[in-house]
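K.L.:
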Amino acid sequence: MKKIENSEEVVVIVGSGAGGGTMAYELTKAGIPCVLLEAGPHLTNEDYVNDEWEAFGQMAWLDGRATSGSWRVAKDFPDLPAWIVKAVGGTTTHWAGATPRFKDYEFKALSTYGKLEGASLLDWPISLEEMEPYYDKAEKALGSTHRHGRPPLPANNNYKVFANGAERVGYKFYATGPYATNAEPYDGRPASVQDGFNFQGDKQKSKWSTLVREIPRAIETGLCELRADSHAVQITHDSSGKADAVLYLDAEGNLHRQAAKVVCVAGNSIESPRLLLLSASSMFPDGLANSSGEVGCNYMRHLTGSMYARFEKPVHMYRGETMAGIIADEQPHNPSRGFVGGYYMETLALGPSFLASFVEPGAWGEDFTEMMDAYANTAGMWIVGEDMPQTSNRITLSDSSKDKWGLPVANVNYDDHANDVSMRTYAYEKAEALYKAAGAIGTHRTPPYPSTHNLGSLRMSELPKDGVLNRWGCAHDVKNLFVSDGSVMTTGGAANPTLTIVALAIRQAEYIAKSLNAGDL
Amino acid sequence: MPESTETNTEERKMLSEMLRVLYPHKSFGTEIYQKTAEAVIGASEASPAQKLTLQTGIRELGIAGFDKMDPREATNYLKSIEGNAFFAAVTGPGLVALYSNHDVWNLLGYEGASHHLGGYVNRGFDDLDWLPEPRITEYEETQKS
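Chains X and S are the protein sequences, given in the same order. If you read the first sequence in my numbering, its first letter stands for residue 84, the second for the next number, and so on. If you read the second sequence in my numbering, its first letter stands for residue 8, the second for the next number, and so on.
1. Checking contacts by CB at 7 Å: is R590/X closer than that to chain S?
2. Exposed or buried, what is I595/X when buried is set at 16 or more other beta-carbons lying within 10 Å of its beta-carbon?
3. Counting along the chain, where does the beta strand (DSSP E) carrying F565/X start and finish?
4. Considering just the uninterrupted stretch of the beta strand (DSSP E) at V95/X, what are its terminal residues?
5. Under DSSP, the beta strand (DSSP E) around Y511/X begins and ends at which residues?
6. Let me confirm a value: L546/X is counted as buried when at least 16 other C-beta atoms fall within 10 Å, else exposed. Which label applies?
7. Please report the distance separating the alpha-carbon of N337/X from that of M214/X.
8. Within the continuous beta strand (DSSP E) that includes D159/X, where are the two ends?
9. Measure the alpha-carbon distance for Y40/S versus E80/S and round it to whole angstroms.
10. What is the DSSP secondary structure of P234/X, counted as helix, strand or coil?
11. Are the Cβ atoms of S352/X and S203/X separated by less than 7 Å?
12. Mind checking who V346/X pairs with in its DSSP beta bridge?
13. Considering just the uninterrupted stretch of the alpha helix (DSSP H) at K86/S, what are its terminal residues?
14. Using a Cβ-Cβ cut-off of less than 8 Å, give me the residues of the region 124-145 of chain S that come near chain X, in sequence order.
15. Please state whether DSSP places N496/X in a helix, a strand or coil.
16. Where does T14/S fall in DSSP's three states?
17. Among G102/X, A249/X, F139/X, which residue has its Cα nearest to the Cα of P533/X?
18. Check whether the region 122-132 of chain X touches the region 283-293 of chain X, counting contact only when three or more Cβ pairs, one atom from each stretch, lie closer than 8 Å.
19. Look at the alpha carbon of H32/S and the alpha carbon of C557/X, and state the distance between them as a whole number of angstroms.
20. Rank S289/X, Q341/X, K548/X by C-alpha distance to the C-alpha of R310/X and give the top, closest one.
21. Can you name the residues of chain S whose CB is closer than 7 Å to the CB of W447/X?
22. Spell out whether any CB of chain S is found under 7 Å from the CB atom of K434/X.
23. Run down chain S in chain order and give the residues with a C-beta less than 8 Å from the C-beta of V244/X.
24. Find the residues of chain S that neighbour G305/X, judging by a C-beta separation of less than 9 Å, and give them in chain order.
25. What three-state label does DSSP hand P368/X in the structure shown?
26. Closer than 7 Å by beta-carbon distance: list the chain X residues that pair up with L102/S, in chain order.
27. For the alpha helix (DSSP H) that contains H109/S, what are its first and last residues?
28. For a contact defined as C-beta to C-beta under 7 Å, what are the partners of P580/X on chain S?
29. Between A315/X and chain S, is any beta-carbon pair separated by less than 7 Å?
30. In chain order, what residues of the same chain have a beta carbon less than 6 Å from the beta carbon of D270/X, not counting five sequence neighbours either side?
31. For a contact defined as C-beta to C-beta under 7 Å, what are the partners of W136/X on chain C?
32. Cutting at 7 Å between CB atoms, please list the residues of its own chain near I70/S, excluding the five before and the five after it.
33. Please confirm whether C380/X and I96/X have their CB atoms less than 7 Å apart.
34. To the nearest angstrom, how far is the alpha carbon of Y511/X from that of D412/X?
35. Does P418/X pass the burial test, meaning 16 or more other C-beta atoms within 10 Å, or should it be called exposed?
36. Between the region 464-483 of chain X and the region 420-429 of chain X, do three or more beta carbon pairs fall short of 8 Å?
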């Protein structure tokens, strides 16, 4: 691996997940040297373990965080607002793999849905038309099934229940994808063996992640230095207000400085705004790039909710690809349902360890053990829909809680919007109807888990007063500061976000390469 | 020699009984709840404060005559202490230990780690036969073909 001097001004990328890992590959491919900082360790596929709690301890971001607001996660899991990964490859190493695109109107949420009391809806400064070529590239990179000649995955048991229920209630748009795991060998990686472990890291390497694709390829160019266990804590700037370095801590807490020509922040929608807030200075007293006051605001987490249904006969939902089952019939915007936006239904399975902790947090007694006793006969699905952006759903620096280095942790404040509550209630009813049509003898409405889709918080906006970033994900206030993760999303759509994060990163890398070559940055 | 401050056999039995009332599976034998009780005691060793919380709570169970209650009375008693620190000190580590026990997985019909066995691709990932085989392609694709 290339060694880059700390004094050499390069593109410094903070975070190695979907956004950061893609940036490193796309930029180095274009001949631009990069330092890729990753807060977590360099785990490999061989390190992963097929055990839910052990894998959680190995991979999850467990550094302190705080919560507030009326969402149930703040009560049940006050230190764990999000379930995301701290390791090379970021959360792409534990994502399930569903890759739907945003719809045209989801880029125009304000124009389509209209003004909604309490929601800070806005149109994206980009259209689907502009995104389409990048979606194509992203789908090819991820190897999405059902796209560009990639075959579908076969039906696993959980999907059989899900799809039969869908057919019986009259849904049409169900399939085993698009899903970023190989049904047959592709791109140098093998086919899935249906081992059932996704959230624990994929030992088989048949699932796309930046760990198996973009990061090794970036290193192969000879232009990328990956630094694991390197946790960014501040971005500094020169007297003109341009970013000039990233300060980061190694595993022992020693502080290092990497000089920067350009900084790309991709630390997830919680840590990215935290880093900008930690970078306040006399020129940027409210945090770097925060003249709008919007840094940290409009944090979104998708609607979410799960349904687990019990049947008279065995299902064994845990066998096979966890989320290789998607229903899109409820995805379109149809306000006659009593809410704006829409949602997907997607297959989901947990093992007994996680199901016990998450099916109904805090539950015990006979109603609870009845659900657990039915484990082998249980099918599961996840509901993922668009949640409304709200200014008060916000990442701030905690007043009271500090990390082990003495820095304030991120506080995640979240309240459901009335639209979110209406959509979730409606979605639970539809999920119950689906499973009953397939023969369910009991169903349970499982509340949202700690957030796996973390969006917004540094949103793109046409006007600098409405958001933090312009249409290229470049800060309105700092011309060489970019954000390259899901934080940039103006609104959340209903689609699982990884594909869109990768497509946006490919587009942004192209823009940065052009601008650097033209001497504009 | 000072009197022992370790949780004694009677207390361990009481804790094990509490776990059975919390998570009453007819198919689970006593040894499963005993093993879970050991995990709860182990977790309480993290600090003197946690150890005191657990031991005080177990003593309170004894004073209340928890071991002499019928299942309904026992459940109502646990409802009355739900939310206190002792209850949390039992249910937090107890829930994780109970449902991470491989004997429990066997009883519930979960097979655990699978990659070292070649996954489920040849071991029943699609063996559900009480429903028709569904379509796996997207709707539009079917219409075209």
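Just so you know, even glycine gets a beta-carbon here, dropped at the ideal spot from N, CA and C.
P.N.:
According to the data block:
1. no
2. buried
3. 564-566
4. 93-97
5. Careful: Y511/X lies outside any beta strand (DSSP E), inside the alpha helix (DSSP H) at 501-520.
6. exposed
7. 41 Å
8. Per DSSP, D159/X belongs to no beta strand (DSSP E); it is in the alpha helix (DSSP H), 156-159.
9. 19 Å
10. coil
11. no
12. Answer is V95/X, L564/X.
13. First-last of the alpha helix (DSSP H) with K86/S: 78-88.
14. Taking 8 Å as the Cβ-Cβ cut-off against chain X, the residues of the region 124-145 of chain S that qualify are G125, G126, Y127, V128, R130, G131, F132, D133, D134, L135, W137, L138, P139, E140, P141, R142, I143, T144, E145.
15. strand
16. Correct three-state label for T14/S: coil.
17. F139/X
18. yes
19. H32/S and C557/X have their C-alpha atoms roughly 56 Å apart.
20. Q341/X
21. L29, Y30, T98
22. According to the sequence displayed, residue 434/X carries Gly and not Lys. Yes, its Cβ sits closer than 7 Å to a Cβ of chain S.
23. In chain order: L135, L138.
24. Under the 9 Å cutoff, chain S gives no residues; its nearest Cβ is about 33 Å from G305/X.
25. Assignment of P368/X by DSSP, reduced to helix, strand and coil, places it in the coil class.
26. A439, S440
27. 109-115
28. Correct list: empty, because the minimum Cβ distance to chain S is about 21 Å.
29. At a cut-off of 7 Å between beta-carbon atoms, A315/X makes no contact with chain S.
30. G226
31. Of the protein chains in the structure, X and S, none is chain C.
32. none
33. no
34. 14 Å
35. exposed
36. They touch, by the three-pair rule.
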